[in-house]
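A.B. asks: A single structure is presented below for examination.
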RNA sequence: GUGGACGUAGUUCAAUGGUAGAGCCCCGGCUUGUGAUGCCGGUUGUUGGGGGUUCGAGUCCCCUCGUCCACCCCA
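In our numbering, the protein residues as written are 1373 to 1789.
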């Protein structure tokens, strides 16, 4: 019997994790510069949290959750997304009175979908949430932060698409107008769209069936039905944004809690899974989940998916290798390795034994220098330092060897970054 | 959930129904205190798994697991 990961769940082996860390490092730098703090939230939550927030009728809740009853009889699930839990934590922690909250998190999410490239059943998201800011400035800052994240990662050929979904005072009116329109052209719509007219008419807008899109050419747009406040808000965002934006009136978030700003950063390099970052405003959610009315906005990105767009990060390699020649050199060589590590040098010990084997290992691990300790060196209290690139080596006293190595790597490290 | 392509050594790939192979990697030797180049030699498979057809199956059929693509959904 051979064990293997279950469908849509992948191992993070070193080469892959290096990629994730590259994304995380850039993200953390940007988030910290905007004064966002990390939170770590549960993976297991009550199922009701998601049915209430994401929406009973959404695909995520209706057919993609890993849901079970635990031994105590509680209805639980593996979180399919991060915002609901963040809002729950915000309310539970009593942070509504603690001033504006700026949070981010990194962690696994679970959705039982059919796997594809860029779509896994267990995947990691970086999420960002900001509570307490209603004005367009917050939207502009969030969009800018998302955009600079993509830019900093060197990802090319992406575009920012923006829409407004209105609010409880203007969306019902739009919805009625849309339904009226859809009823007129009902005969031209596909079966799913006809069903959605009743359950979620706005989802009809992003149907990909050609005949539907044709029928929808003259469909009313939310942007033309925004109330005064929503229209002002949307206009202010566009004026304040210093990045190229495509207005896409067909962006409809698949989660029910969004209002006003909805956006995606998309690429066409990933086939059907082209959304790299997605987010929007959810001003009603905190209240919906039992907290005091609190405006909020957030976005999320999939680590594995964005990782597909990154060029290979340089493998992290050892800087110094230690070779011990002869039994008597073994213990001193271990001490030498410890000294090198204490000085901040990334060091591997080649394990003693055959010289050929050890030098081969020193070469393979990428070390630029090898410290050689044999009976002679031990007797004289010296190290032999071999420059692996040049093939040259010299015997010197440990203190000055260390100083030179530290100096060398201090300069090469900074020139690389 | 629907439709389709694919699955052979660690890896990338071969093999008209007739003995499962090659490159790279890895290991050893030439060189027991010297790697990366060179030469010589070596290991490696229940052909994803299970059943069936056949004298004979990597190859054909069925089931199953996984990967990928499209739909769908979304990060």
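Where a beta carbon is used, it is the ideal one built from N, C-alpha and C, also for glycine.
Here's the rule I'm using: 16 or more other beta-carbon atoms within 10 Å means buried, otherwise exposed. How should residue 1377 be labelled?
C.D. replies: Label assigned to residue 1377: exposed.
A.B. asks: With burial defined as no fewer than 16 other Cβ atoms inside 10 Å of the residue's Cβ, what is the status of residue 1522: buried or exposed?
C.D. replies: Result: buried.
A.B. asks: Tell me, please, whether the region 1678-1692 touches the region 1386-1396 by the rule of three or more beta-carbon pairs shorter than 8 Å.
C.D. replies: Result yes; three or more Cβ-Cβ pairs closer than 8 Å.
A.B. asks: Could you round the C-beta distance between residue 1673 and residue 1515 to whole angstroms and report it? I think they count as a contact, below 8 Å.
C.D. replies: Not confirmed; about 13 Å, so no contact.
A.B. asks: Going by Cα to Cα distance, which pick from 1538, 1610, 1581, 1748 is closest to residue 1624?
C.D. replies: Ranking the options by Cα distance to residue 1624, first place goes to 1538.
A.B. asks: What's the gap between the Cα of residue 1433 and the Cα of residue 1382?
C.D. replies: Each residue's alpha carbon lies about 23 Å from the other.
A.B. asks: Where do the ends of the beta strand (DSSP E) carrying residue 1561 lie?
C.D. replies: Per DSSP, residue 1561 belongs to no beta strand (DSSP E) and is neither H nor E.
A.B. asks: Is DSSP giving residue 1382 helix, strand or coil here?
C.D. replies: Of the three classes helix, strand and coil, the one that applies to residue 1382 here is coil, per DSSP.
A.B. asks: Helix, strand or coil, according to DSSP, for residue 1546 in the structure here?
C.D. replies: Helix at residue 1546.
A.B. asks: Under 8 Å between the Cβ atoms of residue 1519 and residue 1637?
C.D. replies: The answer is yes: Cβ separation under 8 Å.
A.B. asks: Using a 10 Å radius around the Cβ and a threshold of 16 neighbouring Cβ atoms, would you call residue 1759 buried or exposed?
C.D. replies: Residue 1759 comes out exposed.
A.B. asks: Per DSSP, residue 1668 is paired with what?
C.D. replies: Beta-bridge pairing links residue 1668 to 1503.
A.B. asks: Could you give the distance in angstroms between the alpha-carbon of residue 1770 and the alpha-carbon of residue 1525?
C.D. replies: Cα to Cα, residue 1770 sits roughly 41 Å from residue 1525.
A.B. asks: Does the beta-carbon distance from residue 1425 to residue 1657 come in below 8 Å?
C.D. replies: In this structure, residue 1657 lies closer than 8 Å to residue 1425 by Cβ.
A.B. asks: Once you ignore the five residues that flank residue 1399 on each side, which residues in its own chain have a CB closer than 7 Å to its CB?
C.D. replies: Answer for residue 1399: 1498, 1521, listed in chain order.
A.B. asks: Put residue 1595 into one of helix, strand or coil per three-state DSSP.
C.D. replies: Note: residue 1595 maps to helix in three-state DSSP.
A.B. asks: Inspect the CB distances between the region 1498-1511 and the region 1604-1623 and report whether three or more fall short of 8 Å.
C.D. replies: Enough Cβ pairs lie closer than 8 Å, so yes.
A.B. asks: May I ask you to list the residues that DSSP assigns as paired with residue 1441?
C.D. replies: According to DSSP, residue 1441 bridges with 1447.
A.B. asks: For the region 1479-1545, which segments carrying the alpha helix (DSSP H) assignment without a break, of at least 4 residues, lie completely within its bounds, in sequence order?
C.D. replies: Those alpha helix (DSSP H) runs which fall completely within the region 1479-1545 and span 4+ residues are 1508-1524.
A.B. asks: Check residue 1764 in the structure and name its three-state DSSP category.
C.D. replies: Note: residue 1764 maps to strand in three-state DSSP.
A.B. asks: Let me confirm a value: residue 1808 is counted as buried when at least 16 other C-beta atoms fall within 10 Å, else exposed. Which label applies?
C.D. replies: Within the shown structure, residues of the chain are numbered from 1373 to 1789, placing residue 1808 beyond reach of any answer.
A.B. asks: Whose C-alpha, out of 1642, 1629, 1641, is nearest the C-alpha of residue 1655?
C.D. replies: When each option's Cα is compared against that of residue 1655, the closest is 1629.
A.B. asks: Taking all protein chains shown into account, decide if residue 1384 is buried (16 or more other Cβ within 10 angstroms of its Cβ) or exposed.
C.D. replies: Its Cβ having fewer than 16 others within 10 Å, residue 1384 is exposed.
A.B. asks: Kindly indicate the opening and closing residues of the alpha helix (DSSP H) around residue 1611.
C.D. replies: That run of the alpha helix (DSSP H) goes 1600-1612.
A.B. asks: Between the C-alpha atoms of residue 1712 and residue 1375, what's the straight-line distance to the nearest angstrom?
C.D. replies: Each residue's Cα considered, the two are about 40 Å apart.
A.B. asks: Does the beta-carbon distance from residue 1402 to residue 1517 come in below 8 Å?
C.D. replies: The answer is yes: Cβ separation under 8 Å.
A.B. asks: Measuring alpha carbon to alpha carbon, tell me which residue in 1455, 1418, 1489 is nearest residue 1642.
C.D. replies: If we check each option's Cα against that of residue 1642, 1489 comes out closest.
A.B. asks: Whole angstroms are fine: how far does the CA of residue 1450 sit from the CA of residue 1664?
C.D. replies: The alpha-carbon atoms of residue 1664 and residue 1450 are separated by roughly 26 Å.
A.B. asks: How do the region 1409-1420 and the region 1440-1458 stand: do at least 3 beta-carbon pairs fall below 8 Å, yes or no?
C.D. replies: The answer is yes - the region 1440-1458 touches the region 1409-1420, with three or more Cβ pairs under 8 Å.
A.B. asks: What three-state label does DSSP hand residue 1757 in the structure shown?
C.D. replies: Here residue 1757 sits in strand by DSSP.
A.B. asks: Give the single residue among 1659, 1671, 1764 whose Cα lies nearest to the Cα of residue 1648.
C.D. replies: Minimum Cα distance to residue 1648 is reached at 1671.
A.B. asks: Can you tell me whether residue 1417 is helix, strand or coil according to DSSP?
C.D. replies: Here residue 1417 sits in strand by DSSP.
A.B. asks: Assuming residue 1660 is part of the beta strand (DSSP E), what are its boundary residues?
C.D. replies: Residue 1660 -> not in any beta strand (DSSP E); alpha helix (DSSP H) instead, spanning 1657-1660.
A.B. asks: Alpha carbon to alpha carbon, how far is residue 1746 from residue 1701?
C.D. replies: Distance between the alpha carbons of residue 1746 and residue 1701: 5 Å.
A.B. asks: Mind checking which residues open and close the beta strand (DSSP E) that includes residue 1632?
C.D. replies: Residues 1631-1639.
A.B. asks: Report the rounded CA-to-CA distance for residue 1742 versus residue 1691, giving the unit in angstroms.
C.D. replies: For residue 1742 and residue 1691, the distance between alpha carbons rounds to 9 Å.
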